[in-house]
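Reviewing the structure listed below.
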Amino acid sequence: MSKSLPPLTWFRSFEAAARRLSSTAAAEEIGLTQSAVSQQIRSLETRLGVMLFHRHARGLSLTDEGRKLLPQIETALEMLQTAALPYLTEDRARHITVAASVSVLEWVISPALPRFQAEHPDTSIRFVSTIWPDEYAASRADVEIRFGSEKQVGKDATPLRPNRLIALKSPALKGDMRDLPLIESVGTSDNWVTWADATGHTVHTPSFYVDSYGLALQLATTGNGVALVNALVAEHALQSGQVVQATDASAPASEGYFLAVQRNSAEVTAFVEWFFETLEA
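This is the structure:
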């Protein structure tokens, strides 16, 4: 069995003293007495079996072992602070967590995010990528952008528009759609066959199969073929000229994107309003 770790407070005292090169200054910073900080550092040295500081009349200097340990402890403390930040009462009000698929995060939210950041500079956002319904519960998100049928996503979710399937390709990819490679996203109820049945088109077997609309869209932007993509995901790529429609025909999607709010706050409301404005732009 591995040995137990030294108390976190010992590492905190070491980090502060190493940064300030003074146990007195470290004590003032973290709210302990100078003797308590010195004792915790000595206890840490004893537990680790190394000397971390050289003691001088006017302060401290790090030993080689202390210099090696310091950046690792700084990184660990920063990671703990980042992990705890969303749950701290003072910061939680200005911090929101958004769960969505990578396709939505990359193609819908990311392009428009600078505007939200400019309008709400004090709000921090944690993005969590999710795919399956049970992952949303685990994400503990304030805002969830779910994908599925109305039955799957739950009654608390608002449907997002547009929700149609469109055929997209790079402007540089020339030729008739019937002669071009097809790109299909698997894992949904819709595919090129259902699209063809709804639109009256004839299609051939796809050349590429991917696991998300976002990846299908990415392949289309680089000229790999014609991708069948949900229009909501494709809106920015169309507006920015990265892709064009291979045909004007579109088909209703069996599944779509829905938004659900799990925690109300001024920051959550601002994000949701911004998101709907983004879809309408």
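If you read the sequence shown in this note's numbering, its first letter stands for residue 100, the second for the next number, and so on.
Cβ coordinates follow ideal geometry from the N, Cα and C atoms, glycine included.
Report the start-end ranges of each alpha helix (DSSP H) in the stretch 300 to 324 that is 4 residues or longer and not cut off at the edges. 312 to 320
Do you know offhand how far Q361's Cα is from E243's? Translated into the one-based positions of the sequence shown, residue 361 becomes position 262. Translated into the one-based positions of the sequence shown, residue 243 becomes position 144. Roughly 8 Å separates the two Cα atoms.
Spatially closest choice to A240 from A199, P261, L143, by CA coordinates: For the purposes of this step, residue 240 is taken as the residue at position 141 of the sequence shown. Nearest of A199, P261, L143 to A240, Cα basis: A199.
At the level of alpha carbons, what is the spacing between T346 and D275? Working through the sequence shown from its first residue, we reach residue 346 at position 247. Working through the sequence shown from its first residue, we reach residue 275 at position 176. When the Cα atoms are used, T346 and D275 turn out to be separated by approximately 10 Å.
If you check the beta carbons only, do F357 and E249 fall under 9 Å apart? Along the sequence shown, read from residue 1 onward, the residue named residue 357 stands at position 258. Along the sequence shown, read from residue 1 onward, the residue named residue 249 stands at position 150. Going by C-beta atoms, F357 is nearer than 9 Å to E249.
Label G340 either buried or exposed according to how many other C-beta atoms from any shown protein chain fall within 10 Å of its C-beta, with 16 as the threshold for buried. By 1-based counting over the sequence shown, the position of residue 340 is 241. With fewer than 16 other Cβ atoms within 10 Å, it is exposed.
So, using beta-carbon positions, are S282 and N329 closer together than 9 Å? Your numbering for residue 282 matches position 183 in the sequence shown. Your numbering for residue 329 matches position 230 in the sequence shown. As written in the sequence, residue 282 is Ile, which differs from the Ser given in the question. The answer is no: Cβ separation not under 9 Å.
Ordered along the chain, which non-local residues of its own chain (more than five positions away) have a Cβ less than 8 Å from that of Q301? Your numbering for residue 301 matches position 202 in the sequence shown. For the record, residue 301 in the displayed sequence is Thr; it is not Gln. Excluding positions up to five away in sequence, the list reads R277, A295.
Going by other Cβ atoms of all chains shown within 10 Å of its Cβ, with 16 needed for buried, is L331 buried or exposed? What you label residue 331 is simply residue 232 of the sequence shown in a count that begins at 1. With 16 or more other Cβ atoms within 10 Å, it is buried.
Who are G253's beta bridge partners in DSSP? Start at 1 with the first residue of the sequence shown, and residue 253 comes out as number 154. Beta-bridge pairing links G253 to no other residue.
Terminal residues of the beta strand (DSSP E) in which R263 lies: Residue numbering aside, residue 263 sits at position 164 when the sequence shown is read from its first letter. Segment 263 to 268, the beta strand (DSSP E) holding R263.
Nonlocal neighbours in the same chain, by C-beta distance under 7 Å from S101, ignoring five residues either side: Locating residue 101 in the sequence shown gives position 2, where the first residue counts as 1. Its pLDDT being 49, under 50, S101 is placed unreliably in this model, and the coordinates cannot settle the point.
Does DSSP put V285 in a helix, in a strand, or in coil? What you label residue 285 is simply residue 186 of the sequence shown in a count that begins at 1. Of the three classes helix, strand and coil, the one that applies to V285 here is coil, per DSSP.
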